[in-house]
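Per this note's numbering, the very first residue in the sequence shown carries number 496; after that it's consecutive.
Idealized CB from N, CA, C, for every residue including glycine.
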Amino acid sequence: MTNFKPAIITPYYDENIKVLKRCHQSCLAQTMPVRHFFVADGTPNAELDEWDIEHIILSQSHADYGNTPRCLGALSAINLGFNPIIFLDADNWIDTDHVLDILDAKRKNPEADLICTFRHLILPTGILLEPDAEDSLMQHVDTSCLAYFESAFFQLPLWGTMTKPLSVIGDRFIYHAILRAGDNHTLDK
Numbered sequence: 496m497t498n499f500k501p502a503i504i505t506p507y508y509d510e511n512i513k514v515l516k517r518c519h520q521s522c523l524a525q526t527m528p529v530r531h532f533f534v535a536d537g538t539p540n541a542e543l544d545e546w547d548i549e550h551i552i553l554s555q556s557h558a559d560y561g562n563t564p565r566c567l568g569a570l571s572a573i574n575l576g577f578n579p580i581i582f583l584d585a586d587n588w589i590d591t592d593h594v595l596d597i598l599d600a601k602r603k604n605p606e607a608d609l610i611c612t613f614r615h616l617i618l619p620t621g622i623l624l625e626p627d628a629e630d631s632l633m634q635h636v637d638t639s640c641l642a643y644f645e646s647a648f649f650q651l652p653l654w655g656t657m658t659k660p661l662s663v664i665g666d667r668f669i670y671h672a673i674l675r676a677g678d679n680h681t682l683d684k
């Protein structure tokens, strides 16, 4: 089995620094080393230049819900030797064992091209909501629940090439493209 070098890609536009810090802190808290890529969609936050991250700055907003920055961050990470590529939206955070769980799922299912995790919806009060039927029936996988391994890297440019009308439902478009391509994907809680 390959020695993995995970990268987490986070597009951002105009999120509050507290939101970005929470996202980044969840990456730093992983039980294994990861490299965090932030991709500014035309509005960089200078404070991120002080963080130990890859900070990619796009000259203007692409107004496509982070799809272009997500794609460009993934391509940069691939060419820097990272595998897998994991997405994390700026307003989300991950549990400390998220990346380890993804790699464990890959080790158990070496033929898997992608690992899809379940999302947890948590209210600001800390209350965990029950999963909805769409998620539990695998009819939808949120962007922040996708981990691409090398055999699925060919799918990553789709994030940057979908049309604007599709960008609002980008994760649904991508999930259906994954299914149509016949990629082996594994669901892991």
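Supposed close pair residue i, residue j - CB separation, criterion 8 Å
i      : j      : result
MET657 : ASN562 : 6 Å
LEU515 : ALA585 : 6 Å
ALA572 : ILE512 : Between ILE512 and ALA572 the Cβ distance is about 23 Å, and since that is not below 8 Å, they are no contact.
SER639 : LEU583 : 5 Å
ARG481 : PRO506 : Shown here, the chain extends from 496 to 684; a query on residue 481 therefore has no answer.
Backbone CA spacing between residue i and residue j [nearest angstrom]
i      : j      : result
ILE581 : CYS522 : 11 Å
LEU499 : VAL529 : For clarity, residue 499 is Phe in the given sequence; the question names Leu instead. The straight-line gap from Cα to Cα measures roughly 10 Å.
ASP637 : ILE548 : 24 Å
VAL663 : ALA642 : 20 Å
LEU567 : ASP596 : 25 Å
ILE589 : LEU651 : 21 Å
PHE533 : LEU553 : 11 Å
ASN540 : ASP608 : 34 Å
PHE577 : ILE551 : 16 Å
Own chain, CB closer than 6 Å to residue i, minus 5 neighbours either side, in chain order
i      : result
LYS684 : With a pLDDT of 44 at LYS684, under the threshold of 50, the modelled position of that residue is not reliable, and no figure is offered here.
ASP592 : THR526
LEU598 : PHE499
Residue i: CB within 7 Å of a non-hydrogen atom of the ligand HEM
i      : result
GLU549 : Ligands are entirely absent from the displayed structure, and the ligand HEM is therefore not among its contents.
C-beta atoms of residue i and residue j nearer than 8 Å
i      : j      : result
PHE644 : LYS601 : yes
PRO579 : PRO501 : yes
Bounding residues of the alpha helix (DSSP H) (the contiguous stretch that carries residue i)
i      : result
ILE548 : Per DSSP, ILE548 belongs to no alpha helix (DSSP H) and is neither H nor E.
ALA502 : Here ALA502 belongs to no alpha helix (DSSP H); instead the beta strand (DSSP E) covers 502 to 507.
ILE669 : 665 to 676
ILE610 : From DSSP, ILE610 is part of no alpha helix (DSSP H) but of the beta strand (DSSP E) over 609 to 612.
ILE589 : ILE589 -> no alpha helix (DSSP H), and no H or E assigned at all.
PRO564 : 562 to 574
GLN525 : That residue, GLN525, is in no alpha helix (DSSP H); it is neither H nor E in DSSP.
Range covered by the beta strand (DSSP E) that runs through residue i
i      : result
PHE532 : 530 to 536
LEU641 : 641 to 643
PHE582 : 580 to 582
Same chain, Cβ closer than 8 Å to residue i, five either side skipped, listed in chain order
i      : result
SER556 : TYR508, ASP536, GLY537, THR538
GLN520 : TRP588
Chain-order list of residues whose beta-carbon lies under 7 Å from that of residue i (same chain, five-residue window excluded)
i      : result
ALA672 : GLN650, LEU653
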